[in-house]
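*Asks:* Quick mapping for you: the protein sequence lines, in order, are chains D and W.
Just so you know, we're using our numbering here: the first sequence kicks off at 42 and counts up by one.
Just so you know, we're using our numbering here: the second sequence kicks off at 2 and counts up by one.
In this text, a Cβ means the ideal position worked out from N, Cα and C, and glycines have one as well.
Quantities reported herein were computed from a predicted structural model and do not represent experimental measurements.
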Amino acid sequence: MDPIELRLPHTLQRPQATSNHEPITHSTEPIVTGTSVVAFKYKDGIMMAADCLGSYGRMAMFRNERRLMAVGKTTLLGMSGDISDYQHMQHTLENIMTQEYDMDDGQRLGTKSIYKCISKIMYNRRSKMNPLWNSYVIAGVDSGEKVLGYVDLIGTTYESPTIATGYGSHMAQPILRKVVEGREDEITEEEAVKIIEDCMRVLYYRDARAFNKLTRAKVTAQGVEITEPYSLETNWDFAESIVGYGA
Amino acid sequence: MSSLLSHEIGYSAPIEVHNHGFSPYVNNEGTSLGICGEDFVLVASDTRQSNGGYSINARRSPKAFELSNRTVIATTGCAADAKQLVEDMEQRAQYYVHKHGREMSTPAMAQVLSQLLYTRRFFPYYVFPIFAGLDAKGKGAVYNYDAIGNIECVSHYAYGSAAALLQPFLDNQINKAHQRGADTTAKPSRAQAVKLAIDAFTSATERDIYTGDWLEIFIVDSEGVHKLTRELKHD
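1. Relative to the C-alpha of I32 of chain D, which residue among D:D123, D:F279, D:K114, D:C158 is closest?
2. Are any of the Cβ atoms in chain D nearer than 8 Å to that of Q95 of chain W?
3. Within the same chain, show all residues whose beta-carbon is closer than 6 Å to that of N83 of chain D, passing over the 5 residues directly before and after it, in chain order.
4. If we define contact as Cβ-Cβ less than 8 Å, is E269 of chain D a contact residue for chain W?
5. Could you pull out every residue in the same chain whose Cβ sits closer than 8 Å to the Cβ of Q116 of chain W, ignoring the five residues on either side in sequence?
6. Return the Cβ separation of D82 of chain W and Y127 of chain W in integer angstroms, given the expectation that the two are a contact with Cβ distance under 8 Å.
7. For R104 of chain D, collect the residues of the same chain with a Cβ closer than 8 Å to its Cβ; drop the 5 residues on either side in sequence, then sort them by chain order.
8. Name, please, each residue of chain D whose Cβ falls closer than 9 Å to the Cβ of P125 of chain W.
9. Determine contact between the stretch 34 to 42 of chain W and the stretch 150 to 166 of chain W, defined as no fewer than three beta-carbon pairs at a distance below 8 Å.
10. Does the Cβ of K234 of chain W have 16 or more other Cβ atoms within 10 Å, making it buried, or fewer, making it exposed?
11. Between which two residues does the beta strand (DSSP E) containing F132 of chain W stretch?
12. For N70 of chain W, which option in W:S51, W:G53, W:I57, W:Q95 has the closest C-alpha, if you only look at C-alpha atoms?
13. List the whole-angstrom C-beta distance separating V188 of chain D from Y156 of chain D, where the pair is believed to meet the contact cut-off of C-beta under 8 Å.
14. Can you confirm whether G78 of chain W, when its beta carbon is compared against all beta carbons of chain D, has any partner nearer than 8 Å?
15. Quick check: what's the CA-CA separation for R93 of chain W versus I175 of chain W?
16. Using 8 Å as the threshold, is the stretch 122 to 132 of chain D in touch with the stretch 275 to 282 of chain D, meaning 3 or more CB pairs across them?
17. Using a Cβ-Cβ cutoff of 8 Å, what residues of the stretch 43 to 73 of chain W are near chain D? List them in chain order.
18. Indicate, with yes or no, if the ligand NAP has a heavy atom lying under 7 Å from the CB of H211 of chain D.
19. Can you confirm whether the stretch 133 to 147 of chain W touches the stretch 38 to 46 of chain W when touching is taken to mean that 3 or more C-beta pairs between the two stretches lie within less than 8 Å?
20. Return the CA-CA distance between S7 of chain W and E46 of chain D, expressed in angstroms with no decimal places.
21. Identify every run of the beta strand (DSSP E) within the stretch 205 to 271 of chain D, keeping only runs that are complete inside it and at least 3 residues long; order them along the chain.
22. Sorted by chain position, which residues of the same chain lie with C-beta nearer than 6 Å to Y97 of chain W's C-beta, five sequence neighbours on each side aside?
23. I'd like the span of the beta strand (DSSP E) that includes T116 of chain D, first residue to last.
24. Flag this pair as touching only if the stretch 142 to 154 of chain D and the stretch 164 to 172 of chain D have three or more C-beta atom pairs under 8 Å; answer yes or no.
25. On the criterion of 16 or more Cβ atoms from any shown chain inside 10 Å, does R122 of chain W qualify as buried, or is it exposed?
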């Protein structure tokens, strides 16, 4: 006698060829991603840059992403990693800043407080094994002191006069350590712009997930200024002389 | 009813199992040591933070901290966990002051640290702490722990990426290991301890890529906590 085949509603059907303990999955990899963020201290504050590309794997999918933002008036935030997780963080921060505003006590969250806040969110999510797949660079001038900090998906934090995330930690950080380290209080704004553009140009030449359209920002005691997206001048003539790069 | 249904069709609610590639830990490397003297203790750490590979995150990211007027803690391992653990310790110390109107004793804080580590027995803090302070009689005490709270009171200890370089050196210089006829009961003087710590770290910096940049030395004596900073190689 043939066994009776029982058809259950699809919501109750046993998953085929898998365990019936289907796990709830969290993000195991980033999807749409932004590459490096580069930042360093200079005379008046902190300079930061990130390009405008949102990559979908190897595809250059979104070419107008903004990865630098102001949190309040005096803090600058840069992001690399998953862009949807970044958007979640943006909403969280907006809620926090609104709550603080609603206190109506004349107090403003300083850069150090915002840095701690973001760090706690990141560490908390990693402790739930459900990380936000990002690295954040937080910058600002807090009570006359320049603050430049980093936090990633594990909750690792550090402060340093020069910070570069992702590919930038290999390509831009050595440049910054050479040019900036020990000169944080001397570098003028003009020089800072040149240094950061050099870093971004090097990254565009060598990082296949980088883009020559970028936004640059500075944060000083006066507040945050983020540029509109602009393009870097590049020269690919050198490629001819490198085997396997150009011709 | 629901149990009957689940039995018959073999269905149960999804349980949260997260077996994906994400690792919540990173070893940020670096080295810490503790030396116990008669009426003082010394704790020293380098300040380099690495990313677990060949990159240096920061040259000055301290991993040793003052917890009270007579206790210090030095960490190695996962910097994110270490930060959380040290904040927990600071909070417990503060609560105690508010509740009892005096600071917690050194052995009590040593026990609290062990308990904090053990509360996370099945999702450990990836941290290897060295805790040091003066006991009720004013004598030095150095404690070391593993990541899940095993505790041991020792004369000296080294943890971290250069621990294998420092430990035998300290065994020889402090416990006089392998020194025939040496006085094994003598404890190091303060000046000797500082000199040993500096020599140990200077040498470790030469051989261990994860140790370097700056050395922070904390000395606890009856007057309180003193901090010295010294430059190590930045290579």
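*Replies:* Reading it off the structure:
1. What is shown of chain D runs 42 to 288, which leaves residue 32 of chain D out entirely.
2. Here residue 95 of chain W is taken as the residue at index 94 of the second sequence, counted from 1. Not closer than 8 Å to any Cβ of chain D, the Cβ of Q95 of chain W fails to qualify, so no.
3. Within the first sequence, the letter at position 42 stands for residue 83 of chain D. The sequence given here places Tyr at residue 83 of chain D; Asn does not occur at that position. Taken in chain order, the residues that qualify are I228, A233.
4. Within the first sequence, residue 269 of chain D is the residue found at index 228, counting from 1. It does not; no Cβ of chain W falls within 8 Å.
5. Indexing the second sequence from 1 puts residue 116 of chain W at position 115. Closer than 8 Å at Cβ, skipping near neighbours: G150.
6. As a first step, residue 82 of chain W must be located in the second sequence, where it is residue number 81. As a first step, residue 127 of chain W must be located in the second sequence, where it is residue number 126. Rounded, the Cβ-Cβ distance is 5 Å, consistent with contact.
7. Here the question's residue 104 of chain D lines up with position 63 in the first sequence. For R104 of chain D, where only same-chain residues beyond five positions count, the Cβ hits under 8 Å are C93, L94, G95, F252, K254.
8. Here the question's residue 125 of chain W lines up with position 124 in the second sequence. What P125 of chain W touches in chain D: nothing, since even the nearest Cβ is about 12 Å away.
9. Verdict: yes, contact present.
10. As a first step, residue 234 of chain W must be located in the second sequence, where it is residue number 233. K234 of chain W counts as exposed, since fewer than 16 other C-beta atoms from the protein chains shown sit within 10 angstroms of its C-beta.
11. The residue labelled residue 132 of chain W in the question sits at position 131 within the second sequence. Unbroken beta strand (DSSP E) run through F132 of chain W: 131 to 135.
12. As a first step, residue 70 of chain W must be located in the second sequence, where it is residue number 69. Out of W:S51, W:G53, W:I57, W:Q95, W:Q95 has the C-alpha closest to the C-alpha of N70 of chain W.
13. As a first step, residue 188 of chain D is located in the first sequence; it is residue number 147 there, counting from the start. As a first step, residue 156 of chain D is located in the first sequence; it is residue number 115 there, counting from the start. Indeed, because the Cβ distance is near 7 Å, the residues count as touching under 8 Å.
14. Within the second sequence, numbered from 1, the residue matching residue 78 of chain W stands at position 77. So, not an interface residue.
15. Taking the second sequence and counting its residues from 1, one reaches residue 93 of chain W at position 92. Taking the second sequence and counting its residues from 1, one reaches residue 175 of chain W at position 174. Rounded to the nearest angstrom, the two C-alpha atoms are 33 Å apart.
16. no
17. Q50, N52, S56, N58, A59, R60, R61, S62
18. As far as ligands go, the structure on display features none, and thus does not contain the ligand NAP.
19. Yes, the stretch 38 to 46 of chain W is in contact with the stretch 133 to 147 of chain W.
20. In the second sequence, the residue the question calls residue 7 of chain W occupies position 6. In the first sequence, the residue the question calls residue 46 of chain D occupies position 5. Unreliable positioning characterises S7 of chain W in this predicted model, as indicated by a pLDDT of 44, which lies under 50. The coordinate reading is nonetheless provided below. If I take the Cα positions, the gap works out to 18 Å.
21. 254 to 261, 264 to 267
22. Start at 1 with the first residue of the second sequence, and residue 97 of chain W comes out as number 96. A distance below 6 Å between beta-carbons, with the five flanking residues on each side excluded, links Y97 of chain W to the following residues of its chain, in chain order: M105.
23. Here residue 116 of chain D is taken as the residue at index 75 of the first sequence, counted from 1. Residues 116 to 123.
24. no
25. As a working note, residue 122 of chain W is residue 121 in the second sequence. By the 10 Å Cβ count, R122 of chain W comes out exposed.
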